[in-house]
Every structure is written in C-alpha cells, then in structure tokens.
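Using the working numbering, the first residue of the sequence shown is number 503, and each one after it goes up by one. One structure is given here, and the rest of the page talks about it.
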Amino acid sequence: MIEIKKLKKNYGDFTALDDLDLVLENGVYGILGANGAGKSTFLNLLTDNIKRTSGEILYNGTEILSLGVKFRRKVGYTPQLQGMYEDFSAGQFMRYIGSLKGMKHRECKVQTEKFLSLVGLKSVAHKKLGSFSGGMRQRVLLASAMLDNPEILILDEPTAGLDPEERIRLRNYIAEISESRMVLLATHVVDDIECIAHKVILMKKGKLLRFATPGELISEISGKVGEFCGTFEEVNSLKEKYGKGQTIRREEGFIFRVAEENLPENFRRVSDISLEDVYLFYAEGRK
C-alpha cells in the first residue's frame, strides 16, 4: 500500500502539485489530466526522481526516502522523456536495465524476449536504438519497465507510438497483472484506462479533482452531457463559442457534444455517457 499525504511540489512561485492526498493498493489507477495538470510531477515524486517541497509518501507505512533503493527496486517506470543509449540495440538496452535491477542473465534474456514481443519489437531486437522512431523507443522503455516483475508499475503515456492492436494487447496485459500489483497509468488517451482502471485520479492545475471508479464518475454527470446536430458551420460556431467539446461526424450530420453543469436549451441530453465525457466535464469543462 502507498499512502500519499499532503504532497506538494513548487517551482519558485509556481505550484506544480498542491497538497495531494491518496491511498493506493493493488489495481490499475488511471491518471487523467491535460498538459500541466501535474501528472508527470506526481509520478516523478513517486519514483523519487525529483525532490518534493513537502508531504509524505509511505510504502507499507515507511517513508520511501528512508527505504531508498529498496523501494526503487520494487518499481518499474516508463517516463515520458526518452533518455537512451543510441548505440545499444533494443535487446542490449533491456539486458542493461535487467543488470541494474540485479536480474540473473538467463531470466533477463527470457523476459527480454517476452516483453519485446508484447510491444511488437521482437523482430528488431538486434537493431540500434539510434535508428528507432520516437514511438519505438517508447515501447522499449515500456518493455524495460516490466522487467523483473515489479510490485509497482508506473507508466507515463505508455501507449505513445503504439498502433490499435498493440494498444489493446498492452491493455489486456495490464489488466491481467493488476490483481497482484499496483499500476499507475498517466495518459491523455481515455480509452486506455476506461476498460481496465479500478479507479481514476483526475487532476487539474496540480490539484486532485476526483478519485473514484469509472462507474461512479460516469454516474455523477448523468444528465449533464448533451449533443447538438447541425451543419458544419453551425457546429464550428458552437465550438468557437464553448472552446471545449467534441465534434463528431455521423450519418445524420455533424454533432457537437459537450459536458456542462447547465446545458444549452437546444442541446439534446444523452444517456450514453463515457469516461471521455467525464474528462470534458471536470478537466476541460466550464464547471
């Protein structure tokens, strides 16, 4: 279990994370928020990559700063920023990370093949990372984070560069392993967590907005999601007026969909609410 108490991070006068309180156990936690919401700051504090301004992070009752390397060995982490050795092949990089984790050579080799296959890179395991695209590098980082079966898996935008089939395969894997470990998944892609997250951590401007199950969040905005069907010009005009919302093209015409506390009179309320609507309502809406 991880207990986070009044966690805060300031950069000068700017507060990147503001008094975060959470209790996390095994399962998948989806972390949602726009750029600047504090997602990456939170994950970097959790992995002890940056110094906190104040607050506590306790792992099974003990402060992670006092645990040091004992805690970090329990964590697998995929960062957003890609710092990698260009001359290493994907396989060499995986084995290098495995050695840093203290893995035995044979087990590291088996897991390297397994996880590179999972992210669709087994066929290019021998190629140098310098020749990889940004998305391919992200997949190597994701595979390396899963080495040695960490108790806590922290993934910052892990599906960047993955095609739909690879994204589904990764989601299925995360769902499979989450019963015996903790997975924190920060993403802009709501579909990545809607089907597998036990709870959602919804953040905005460094603050925790909501911490609840997807079902609870969807229930909370019942009656607050509406659509307007019209011409492209009408829909575009509404989008400019509201600033936020979704434009969808359907057989009946163009649809503008919003999630608001008080819907305009000419909008039809809808019942097929998704986590995407929750995100629009809390993180991007006018509430």
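Just so you know, even glycine gets a beta-carbon here, dropped at the ideal spot from N, CA and C. Treat the numbers as computed from the prediction; the structure is a model and nothing was measured.
Asked: The beta strand (DSSP E) that contains residue 549, what's its start and end?; Found: Element bounds for residue 549: n/a, residue is neither H nor E.
Asked: Based on the DSSP output, what are the partners of residue 564 in its beta bridges?; Found: 561
Asked: According to the neighbour-count rule (16 or more other Cβ atoms, all chains shown, within 10 Å of its Cβ), is residue 592 buried or exposed?; Found: buried
Asked: Should residue 666 be labelled buried (16 or more other beta-carbon atoms within 10 Å of its own) or exposed?; Found: exposed
Asked: For the structure I just gave you, are there three or more beta carbon pairs, one from the region 532-552 and one from the region 676-696, closer than 8 Å?; Found: yes
Asked: Please classify residue 625 as buried or exposed, where buried requires at least 16 neighbouring CB atoms within 10 angstroms.; Found: exposed
Asked: On the criterion of 16 or more Cβ atoms from any shown chain inside 10 Å, does residue 658 qualify as buried, or is it exposed?; Found: buried
Asked: My understanding is that residue 620 touches residue 645, with C-beta atoms under 8 Å, so please give their C-beta distance in whole angstroms.; Found: 7 Å
Asked: Taking just the CA atoms, how far does residue 550 sit from residue 515?; Found: 22 Å
Asked: Rounded to whole angstroms, what is the Cα-Cα separation between residue 689 and residue 586?; Found: 22 Å
Asked: With DSSP run on the structure shown, which of helix, strand or coil describes residue 748?; Found: strand
Asked: Within the continuous beta strand (DSSP E) that includes residue 513, where are the two ends?; Found: 504-513
Asked: Can you round the beta-carbon distance between residue 723 and residue 757 to whole angstroms, since I take them to be within the 8 Å contact cut?; Found: Not really, about 18 Å apart at Cβ, beyond 8 Å.
Asked: Return the Cβ separation of residue 649 and residue 600 in integer angstroms, given the expectation that the two are a contact with Cβ distance under 8 Å.; Found: 5 Å
Asked: Measure the alpha-carbon distance for residue 788 versus residue 733 and round it to whole angstroms.; Found: Confidence in residue 788 is poor, its pLDDT being 46 and thus under 50, which makes the residue's placement unreliable; the coordinate value appears in the next sentence. Distance between the alpha carbons of residue 788 and residue 733: 24 Å.
Asked: Return the chain-ordered list of same chain residues with a C-beta closer than 6 Å to the C-beta of residue 524, the five sequence neighbours on each side being excluded.; Found: 506
Asked: Tell me the DSSP bridge mates of residue 654?; Found: 577 and 684
Asked: With a threshold of 6 Å on Cβ separation, who are the neighbours of residue 494 within its own chain once the five nearest residues in sequence on each side are excluded?; Found: There is simply no residue 494 to check, as the chain begins at 503 and stops at 789 in what is shown.
Asked: By DSSP's criteria, residue 729 is part of a beta bridge. Which residues make up the other side?; Found: 759 and 770
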